[in-house]
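Participant: Here you go, one structure.
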Amino acid sequence: MSKIPNFFKDIWFIRKNILINISGVIILTFVLVKILMWSLDYYTLHSESIRTPDLINMKIEEATKLLETRKLGFVVVDSICPGTGLGGLIKEQSPKPQKRVKESRKIYLTITGYNECTVNLYYDRIIGRDRKYVARYLERSNLKIGNLTYRKGGKAKNTVVEASMNGVPLFIEANPNAGEKPPEKPQKIPQNSVIDLVLIEGVDGMPKFVPDLICDRYDAAEFAIKGMKFNLGEIHTQGIITDTLSAWVYSQSPNPGIVASMGSGIDLWLMSDYPEGCDDDENTTE
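The letter at position 51 of the sequence shown is residue 51 when you use the working numbering, and the numbering goes up by one with no holes.
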């Protein structure tokens with residue numbers, strides 16, 4: 001009979017030892033985790049980290065002094081055109097403001113350039129070229145097409161024969177019969193400038209009917225005007241318009257159906273609400 005109590009005592013002893021060992025492992029694991037976290041904090045100087053200052057729109061000279069006081073460095077990785085602003089202004093930073101970093105961390109900056117960004121325009125890339133080719137060339141050069149003026153001529157339709165900016169000619173087609181030679185030097189043009197073009201009407205350059213743009217959205221009307229080789233004229237608005245592209249055309253000049261030459265301007269009157277008298281089926285506000 002004494003064997004039975006001894007058996008249970010042995011089982012209890014074994015279970016007790018197991019529980020003690022498991023508890024010991026848990027406590028040891030907890031201690032090790034705490035030590036590891038403390039070590040990582042110490043290694044990364046987490047407790048001594050610095051928040052990155054907000055450098056956006058700050059002059060690079062001012063930012064240099066501020067970063068020095070916080071024991072941070074910087075690297076200028078890119079520059080952008082200053083536009084109408086000043087050179088040396090910080091426009092982007094990485095890491096972003098208020099991010100925690102270690103001392104001596106470098107902040108990567110994008111600043112505005114000190115010189116105005118210009119584009120080189122070449123005579124042979126514009127004059128004598130097709131309108132679509134010139135449009136792509138100007139777009140790649142960060143320039144915009146302004147008014148398109150058409151004149152009669154025997155060259156291929158939509159051939160560019162003149163380019164100007166703010167009314168000042170940039171290139172005019174050279175006349176070899178008069179001993180004129182195409183210029184070799186490029187014209188330096190500020191980026192985002194608007195370039196007006198003179199094109200040849202060609203065989204399809206007959207006068208066209210002015211399209212009916214009333215009840216169209218502005219973006220659709222603009223597309224139709226340029227697609228038919230007319231020019232967008234003056235824009236008049238009624239009331240408050242927050243999104244011009246989504247505004248509706250309620251009047252135009254010349255009126256629809258009038259015969260006009262290619263390159264003629266079409267004035268538009270816009271309103272934010274759908275014009276009365278238009279077909280409701282066309283009122284899509286998606």
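Positions of the beta carbon are idealized from the N, C-alpha and C atoms, including for glycine.
Output needed for C278: all residues of its chain with C-beta closer than 6 Å, excluding positions within five of it in sequence on either side, in chain order.
Facilitator: Position 278 of the sequence shown, counted from the first residue, corresponds to residue 278. Here the set comprises C215.
Participant: May I ask you to report which of helix, strand or coil DSSP gives N115?
Facilitator: As a position in the sequence shown, residue 115 is number 115, starting the count at 1. Coil.
Participant: Output the distance between the C-alpha atoms of E201 and I80, rounded to the nearest integer angstrom.
Facilitator: Numbered from its first residue, the sequence shown carries residue 201 at position 201. Numbered from its first residue, the sequence shown carries residue 80 at position 80. The straight-line gap from Cα to Cα measures roughly 39 Å.
Participant: Sort out for me which residues DSSP pairs R51 with in a bridge.
Facilitator: To locate residue 51, count along the sequence shown from 1; it is residue 51. R51 is bridged to R100.
Participant: Alpha carbon to alpha carbon, what distance is there between L143 and L213?
Facilitator: Locating residue 213 in the sequence shown gives position 213, counting from the first residue. Locating residue 143 in the sequence shown gives position 143, counting from the first residue. Rounded to whole angstroms, L213 to L143 spans 28 Å at the Cα level.
Participant: Give every residue of the same chain whose Cβ lies closer than 7 Å to the Cβ of I111, excluding the five residues on either side of it in the sequence, and list them in chain order.
Facilitator: In the sequence shown, residue 111 corresponds to position 111, counting from 1. Closer than 7 Å at the Cβ level, and outside the excluded window around I111, lie I60, V76, S79, G88, L89, I90, K91.
Participant: Closest to G128 by CA distance: which of S261, N177, I145, N158 is it?
Facilitator: For the purposes of this step, residue 128 is identified with residue 128 of the sequence shown, where counting begins at 1. When only C-alpha atoms are compared, the closest one is N158.
Participant: Whose CA, out of V160, Y250, I56, Q252, lies closest to the CA of I126?
Facilitator: Within the sequence shown, residue 126 is the residue found at index 126, counting from 1. Residue V160 is the option with its Cα nearest to I126.
Participant: Where does the unbroken beta strand (DSSP E) through I56 begin, and where does it stop?
Facilitator: As a working mapping, residue 56 is identified with position 56 in the sequence shown. Taken as a continuous stretch (DSSP letters only), I56 belongs to no beta strand (DSSP E), as it is neither H nor E.
Participant: Based on the DSSP output, what are the partners of I195 in its beta bridges?
Facilitator: One-based indexing of the sequence shown puts residue 195 at position 195. I145.
Participant: Since E139 is in the alpha helix (DSSP H), which residue starts that stretch and which ends it?
Facilitator: Against the sequence shown, residue 139 aligns to sequence position 139. Counted as a single uninterrupted DSSP element, the alpha helix (DSSP H) harbouring E139 occupies residues 131-140.
Participant: Just the Cα atoms here: how many angstroms apart are G146 and E116?
Facilitator: One-based indexing of the sequence shown puts residue 146 at position 146. One-based indexing of the sequence shown puts residue 116 at position 116. So the two alpha carbons sit approximately 21 Å from each other.
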